[in-house]
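Peer 1: Those letters in the sequence shown? Residues -25 to -1, 1 to 313, per mature numbering (1 follows the signal peptide of the UniProt record, and there is no 0), in order. Even for Gly, the Cβ is constructed at its ideal location relative to N, Cα and C.
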Amino acid sequence: MNSSATMSGLSIVLVMVLLCSSAVSELCNTKDKQALLQIKKDLGNPTTLSSWVSTTDCCNGTWQGVLCDTDTQTYRVNNLDLSNLNLPKPYRIPASIGNLPYLNFLTIRTNPNLVGAIPAAITKLNQLRYLYITHTNVSGAIPEFLSQIKTLVTLDFSYNDHSGTLPTSISSLANLVGITFDGNRISGAIPDSYGSFSNLFTSMTISRNRLTGKIPATFANLNLSFVDLSRNKLEGDASVLFGSDKNTQKIRLAKNSLAFDLGKVGLSKNLNGLDLRNNRIYGMLPKGLTTLKFLHSLNVSYNNLCGEIPQGGNLQRFDVSSYDHNKCLCGSPLPACT
Ligand SMILES: *[C@@H]1O[C@H](CO)[C@@H](O)[C@H](O)[C@H]1NC(C)=O
Ligand SMILES: *[C@@H]1O[C@H](CO)[C@@H](O)[C@H](O)[C@H]1NC(C)=O
Ligand SMILES: *[C@@H]1O[C@H](CO)[C@@H](O)[C@H](O)[C@H]1NC(C)=O
Ligand SMILES: *[C@@H]1O[C@H](CO)[C@@H](O)[C@H](O)[C@H]1NC(C)=O
C-alpha cells in the first residue's frame, strides 16, 4: 500500500468517526425529549417554548428552562422551569409532566392562565425534591397524594387559587424542611399531624388564607426557625410556638384572633422578628425582650397588652406604632406610666 492510499483510507475513517459522533453526540434522553415535547403540546405550543424543537439536543442549554444531570453524566432531565409561559388561554398542568422521572426541581411560577387541580401524575416524579407552583390560578386542595413523593424537601404553593383544607399526610415526609402556602383560600384547622414533622422541618408559612380554630398543642414539638400564620382566623393560644429552647428567628401571627398571655412565653435568643399586631393578646411584654440582640422588627399593636414596656435592649428603638392601641401599655416610646 502506498502512502496516499493510507491517507485516503484514514480520511474515510475520520469522516466516518465525525459523522458517527455528531449522530450520537445528542445527550438528551429520547424518552425525556418525548415527554418535554408532549408537555409543550399539552400547553398549546406556547411561543415561549419555541426553543423546544425535536431536531436539537434538549441538554445542550438551548431548551428554555430545561437542565440535565451533568453530575452523574446520565444527562437525564433533572430540572424543569415552566415560569412566565405567557399562555394565551387557560391550560391545566399537563399529566405528561409525570414522564420526567429524574426531575429534582420543578418550578412553575407566574402563569395566570394555568388553572385546574394539580395532576396525580406528579406522584410519578419519585426523585422530586423541590416543588414550586406559585402565582398561578391552579386550584383545588393542595393534594394529600404529595405525601407519596418521599423525596420532597420543599413545597411552595403560594399565591395560587387553592381552597379546601390542608393536606394532613405531608407531615410523614421525612426530608421535608418547609412549606409555603401563603395567599390561597385554604380553610379549616391546622392538622394536629403538623406537630409531628421531622426534626429537619424549620419553616411554615401559611399566611393570607382562611384557617380557623386553634394552633395545635402538638406544635410544642416543633423547632421552627420561621413561622408565618398571619392574616387567618386563628384563635386561642399561640404560646406553643415560643420557647427559650427553640431556635425561632421569626414569628408572624398578625391579623388573627389569637388570645394568650404574652408575659408567660419563653423567648428564643435568636428571635429577630416578632409581628403579633391585630390580635387579642393580653398580659405584659416579657422582660426577656430586652436581652434579644438580633431583634430588629417588632409590632404588638392592636392587642390587649398592659403594663410597662421593658426598658432596654432594642425596645425603645421601635416606633410608637409598634406598641399603639393596646389596653394599657405604657412607658417609652409610649407615654410614661402613671
Ligand atoms: C445545540 O445543538 C444544536 C443542534 O443540535 C446546535 O444548533 C446548537 O448550536 C447547540 N448549542 C450549543 C450551545 O451547543
Ligand atoms: C388569576 O386569574 C385572574 C383572571 O383570570 C387574574 O386576574 C389573576 O392575576 C390570576 N392570578 C394569578 C396569581 O396569576
Ligand atoms: C432547636 O434547634 C436548635 C438548632 O437548630 C437546637 O440547638 C435546639 O436544641 C433545638 N431545640 C429543641 C427544643 O429541639
Ligand atoms: C404596626 O402595626 C400597625 C397595625 O397594623 C400599623 O398601623 C403600624 O404601621 C405598624 N408599625 C410598624 C412599625 O410596623
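#1: With 16 as the cutoff for other CB atoms within 10 Å, does T109 come out buried or exposed?
#2: Three Cβ pairs or more, each shorter than 8 angstroms: is that satisfied between the region 184 to 191 and the region 204 to 216?
#3: Classify H137 as buried or exposed, calling it buried when 16 or more other Cβ atoms lie within 10 Å of its own Cβ.
#4: Buried or exposed for P142, going by 16 or more other Cβ atoms inside 10 Å?
#5: Is H137 a contact residue of ligand 2, with contact defined as CB to any heavy atom under 7 angstroms?
#6: Between the C-alpha atoms of S(-4) and L62, what's the straight-line distance to the nearest angstrom?
#7: Mind listing, in chain order, the residues whose beta carbon lies closer than 5 angstroms to a non-hydrogen atom of ligand 3?
#8: Do Q123 and S71 have their C-beta atoms closer together than 8 angstroms?
#9: Who are G188's beta bridge partners in DSSP?
#10: Residues in its own chain within less than 7 angstroms of F120 by CB, not counting five upstream and five downstream?
#11: Given that a residue counts as buried once 16 or more other Cβ atoms are within 10 Å of its Cβ, and exposed if not, what is L175?
#12: Can you grab the Cα-Cα spacing for the pair H300 / S276, in whole Å?
#13: Helix or strand or just coil, what does DSSP make of Y105?
#14: Just the Cα atoms here: how many angstroms apart are R252 and V28?
#15: Under three-state DSSP, which class holds D299?
#16: Could you pull the start and end residues of the alpha helix (DSSP H) that T129 belongs to?
#17: Is L127 near L89, with beta carbons less than 8 angstroms apart?
#18: Any heavy atom of ligand 2 closer than 7 angstroms to the CB of Y277?
#19: Can we count T23 as close to ligand 2, meaning its CB is less than 7 angstroms from some heavy atom?
#20: Just to confirm before moving on: does the CB-CB distance between Y257 and A229 stay below 8 angstroms?
#21: Relative to the C-alpha of D7, which residue among C34, T85, G241 is closest?
#22: Tell whether a beta-carbon distance below 8 angstroms holds between L60 and L11.
#23: Could you spell out where the alpha helix (DSSP H) holding K6 opens and where it closes?
#24: Starting from G248, trace the beta strand (DSSP E) both ways and give me its first and last residue.
#25: Roughly how many angstroms lie between the CA atoms of R227 and T155, to the nearest whole one?
#26: Which two residues bound the contiguous beta strand (DSSP E) that contains M179?
#27: Between which residues of its own chain and S168 is the CB-CB distance below 7 angstroms, once the five residues before and five after are set aside?
Peer 2: Based on what the coordinates show:
#1: Residue mapping note: residue 109 aligns to position 134 of the sequence shown, counting from 1. So T109 counts as buried.
#2: The count of Cβ pairs closer than 8 angstroms, one atom from the region 184 to 191 and one from the region 204 to 216, reaches three, so the stretches are in contact.
#3: Position 162 of the sequence shown holds residue 137. That one is buried.
#4: Within the sequence shown, residue 142 is the residue found at index 167, counting from 1. With at least 16 other beta carbons inside 10 angstroms of its own, P142 counts as buried.
#5: What you label residue 137 is simply residue 162 of the sequence shown in a count that begins at 1. No; taking the cut-off as 7 angstroms, the Cβ of H137 has no heavy atom of ligand 2 nearer than that.
#6: On the sequence shown, residue -4 is found 22 positions in, with the first residue counted as 1. On the sequence shown, residue 62 is found 87 positions in, with the first residue counted as 1. With a pLDDT of 47 at S(-4), under the threshold of 50, the modelled position of that residue is not reliable, and the figure given next carries that caveat. Rounded to whole angstroms, S(-4) to L62 spans 35 angstroms at the Cα level.
#7: Going along the chain, the residues that qualify are N198, D220, N222.
#8: Taking the first residue of the sequence shown as 1, we reach residue 123 at position 148. Taking the first residue of the sequence shown as 1, we reach residue 71 at position 96. For Q123 and S71, no; Cβs fall outside 8 angstroms.
#9: Counting from 1 along the sequence shown, the entry for residue 188 is found at position 213. In DSSP, G188 forms a bridge with L209.
#10: For this step, residue 120 is matched to residue 145 along the sequence shown. Excluding residues within five positions, the ones whose Cβ falls inside 7 angstroms are A95, T98.
#11: For this step, residue 175 is matched to residue 200 along the sequence shown. By the neighbour-count criterion, in which 16 or more other beta carbons inside 10 Å mark a residue as buried, L175 falls on the exposed side.
#12: Translated into the one-based positions of the sequence shown, residue 300 becomes position 325. Translated into the one-based positions of the sequence shown, residue 276 becomes position 301. In a straight line, the C-alpha of H300 is about 6 angstroms away from that of S276.
#13: Position 130 of the sequence shown holds residue 105. If DSSP states are grouped into helix, strand and coil, Y105 belongs with the strands.
#14: As a working mapping, residue 252 is identified with position 277 in the sequence shown. As a working mapping, residue 28 is identified with position 53 in the sequence shown. About 53 angstroms.
#15: Locating residue 299 in the sequence shown gives position 324, counting from the first residue. The three-state secondary structure of D299, taken from DSSP, is coil.
#16: As a position in the sequence shown, residue 129 is number 154, starting the count at 1. Where T129 is concerned, there is no enclosing alpha helix (DSSP H), although the beta strand (DSSP E) it sits in stretches over 129 to 131.
#17: In the sequence shown, counting from the first residue as 1, residue 127 sits at position 152. In the sequence shown, counting from the first residue as 1, residue 89 sits at position 114. Taking 8 angstroms as the Cβ cut-off, L127 and L89 do not qualify as a contacting pair.
#18: Counting from 1 along the sequence shown, the entry for residue 277 is found at position 302. Answer for Y277: no, Cβ out of range of ligand 2.
#19: As a position in the sequence shown, residue 23 is number 48, starting the count at 1. Remark: the shortest separation between the CB of T23 and any heavy atom of ligand 2 does not fall under 7 angstroms.
#20: What you label residue 257 is simply residue 282 of the sequence shown in a count that begins at 1. What you label residue 229 is simply residue 254 of the sequence shown in a count that begins at 1. No, Cβ-Cβ distance for Y257 and A229 is not below 8 angstroms.
#21: As a first step, residue 7 must be located in the sequence shown, where it is residue number 32. With distances taken between Cα atoms, D7 lies closest to C34.
#22: As a position in the sequence shown, residue 60 is number 85, starting the count at 1. As a position in the sequence shown, residue 11 is number 36, starting the count at 1. With a cutoff of 8 angstroms on beta-carbon distance, L60 and L11 are scored as not near each other.
#23: Along the sequence shown, one-based indexing puts residue 6 at 31. 5 to 17 is the extent of the alpha helix (DSSP H) around K6.
#24: By 1-based counting over the sequence shown, the position of residue 248 is 273. That run of the beta strand (DSSP E) goes 248 to 250.
#25: The sequence position of residue 227 within the sequence shown is 252, counting from 1. The sequence position of residue 155 within the sequence shown is 180, counting from 1. C-alpha separation (whole angstroms): 14 angstroms.
#26: Residue numbering aside, residue 179 sits at position 204 when the sequence shown is read from its first letter. First-last of the beta strand (DSSP E) with M179: 178 to 180.
#27: The residue given as residue 168 occupies position 193 in the sequence shown. Taking S168 as the centre and dropping the five residues before and after it, the same chain places the C-beta of T143, S146 closer than 7 angstroms to its C-beta, in chain order.
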